[in-house]
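The opening residue of the sequence shown carries number 1 in the UniProt record's numbering; numbering runs sequentially from there. Encoded as structure tokens, the structure appears first; notes follow it.
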Amino acid sequence: MDASVLYAQEGEAGEAKALIDPNALSKNGTISLMSESISRDGDKIAYMLSSAGSDWGTIKFKDIRTGEEHTDVLKHVKFSCLEWSHDGKGVFYNWYPDSNDASADDGTETTSNSNQKLRYHELGTSQSDDPIVLEKPDQPSWLIGIDISICGRYGIVYFSQSCDPKCAVYYIDFSTINYEIKGQLQLEPLFTEFDAAYHYITNENDTFYFITDFEAPLKRLVCFDLKNPAKASWKDILPHDPKLGALLKSHLVTLQVFK
1 MDASVLYAQE
11 GEAGEAKALI
21 DPNALSKNGT
31 ISLMSESISR
41 DGDKIAYMLS
51 SAGSDWGTIK
61 FKDIRTGEEH
71 TDVLKHVKFS
81 CLEWSHDGKG
91 VFYNWYPDSN
101 DASADDGTET
111 TSNSNQKLRY
121 HELGTSQSDD
131 PIVLEKPDQP
141 SWLIGIDISI
151 CGRYGIVYFS
161 QSCDPKCAVY
171 YIDFSTINYE
181 IKGQLQLEPL
191 FTEFDAAYHY
201 ITNENDTFYF
211 ITDFEAPLKR
221 LVCFDLKNPA
231 KASWKDILPH
241 DPKLGALLKS
251 HLVTLQVFK
């Protein structure tokens, strides 16, 4: 079966051109596109490829307008987020320390992985120089994810204990470090109890909008002040309603009324 192809098109009338075609990357069709992330200015794409259905991935970079590949390649990546910094200079991604297993990079290793790290890679530099910006050595099984706020000032950090969607959420204020990402980042708490799923949608200054299933099996859209995220202060924008079936993802909201 052919792998999905990612196309790029300039404007409604532009010609759609294949930007990333995994089928052209292997003769036996074993390479697939795992995820991708486009820089805020729309000029660059970071994308992760896997081989033979492996959970391990390799991150590469391409110029969207010219189709030119960057020489940067990030390896030993697994269960990874892929998020550009606000200025488009680099990406956040997840990495595991070397397992000392020679087969690790091809995804055939049978050992479990622990101590996931969140690293930051600036384009044009060596992966070996990428700083570890977040880690939880006291919780080796936890997974780490990050979203960059639409304003670029904040990083919203998610800690997951497993594949369970329930997570703990913290934030980073990049303005306190002049947006220079050089090492470990300071976290401020939002929701720390692993009591629900939370997903950042957008913000207007310090008013943040999240989708959550806290006391809402069908989910709800709430807003709160960043400096007062206590649940008692939440304002429902789209409240939970058992009469509605709701799917909320990113900025798309679809509702189906059950009669």
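Even for Gly, the Cβ is constructed at its ideal location relative to N, Cα and C.
Looking only at C-alpha atoms, which of the options sits nearest to residue i?
i	options	result
I20	E180, S32, N28, F79	S32
S162	Y179, T176, Y154, P140	P140
F92	T66, T207, T30, K60	K60
T212	S50, S112, L238	L238
P22	A52, Y198, A197	A52
S26	A8, D2, G42	D2
P165	I150, A197, N28	A197
Y7	G57, D41, K62	K62
D195	S233, W56, F214	F214
S126	E204, K243, G90	G90
E68	D206, D43, I177, W56	D43
Straight-line CA distance for residue i to residue j?
i	j	result
residue 278	Q186	Outside the modelled stretch of the chain, which goes from 1 to 259, sits residue 278, for which no answer is possible.
K219	A24	40 Å
E188	S114	24 Å
G155	T192	16 Å
A46	K235	36 Å
L74	T66	21 Å
G14	S4	21 Å
D129	Y209	35 Å
K232	H121	Lys is not the amino acid found at residue 232; the sequence shown has Ala there. Their backbone Cα atoms lie some 38 Å apart in a straight line.
D206	H70	36 Å
I37	I64	Looking at the sequence shown, residue 37 is not Ile but Ser. Going by the C-alpha atoms only, they are around 11 Å apart.
I177	Q184	11 Å
C223	E12	34 Å
A102	Y179	Summary for A102: the model assigns pLDDT 46, below 50, so the residue's position carries little reliability; its value from the coordinates is reported in the next sentence. Taking the straight line joining both Cα atoms gives about 37 Å.
K17	G124	26 Å
With a CB to CB cut of under 7 Å and the five nearest residues on each side skipped, what residues in its chain are close to residue i?
i	result
K182	P131
L190	V169, Y170, Y171, P229
L143	F79, Q116, S160
T30	S51, A52
Ignore the nearest five residues each way along the sequence and tell me which others in residue i's own chain have a CB closer than 6 Å to its CB.
i	result
K117	W95, I132, E135
V216	In the sequence on display, residue 216 carries Ala and not Val. So the qualifying residues of the chain are H240.
S35	M48, L82
D147	I156, Y200
S39	W84, G88
L221	I211, I237, L238
Return helix, strand or coil for residue i, following the three-state DSSP convention.
i	result
N205	coil
W21	Trp is not the amino acid found at residue 21; the sequence shown has Asp there. If DSSP states are grouped into helix, strand and coil, D21 belongs with coil.
A46	strand
I177	helix
S37	strand
K75	strand
D129	helix
A13	coil
A52	coil
A232	helix
V91	strand
Within a Cβ cutoff of 8 Å, which residues of the same chain sit near residue i, ignoring the five residues on either side of it in sequence?
i	result
F174	H86, G152, R153, Y154, G155, I181
With a threshold of 8 Å between beta-carbons, can residue i be considered close to chain C, or not?
i	result
A168	Absent here is chain C; the protein component of the structure consists of one chain.
Following a CB-centred definition, is residue i positioned closer than 7 Å to any heavy atom of the ligand GTP?
i	result
I150	This structure lacks the ligand GTP, and indeed carries no ligand of any kind.
Check your understanding: Quick one: complete beta strand (DSSP E) runs, 3+ long, within the segment 149-200?
Key -> 154-160, 167-173, 188-191
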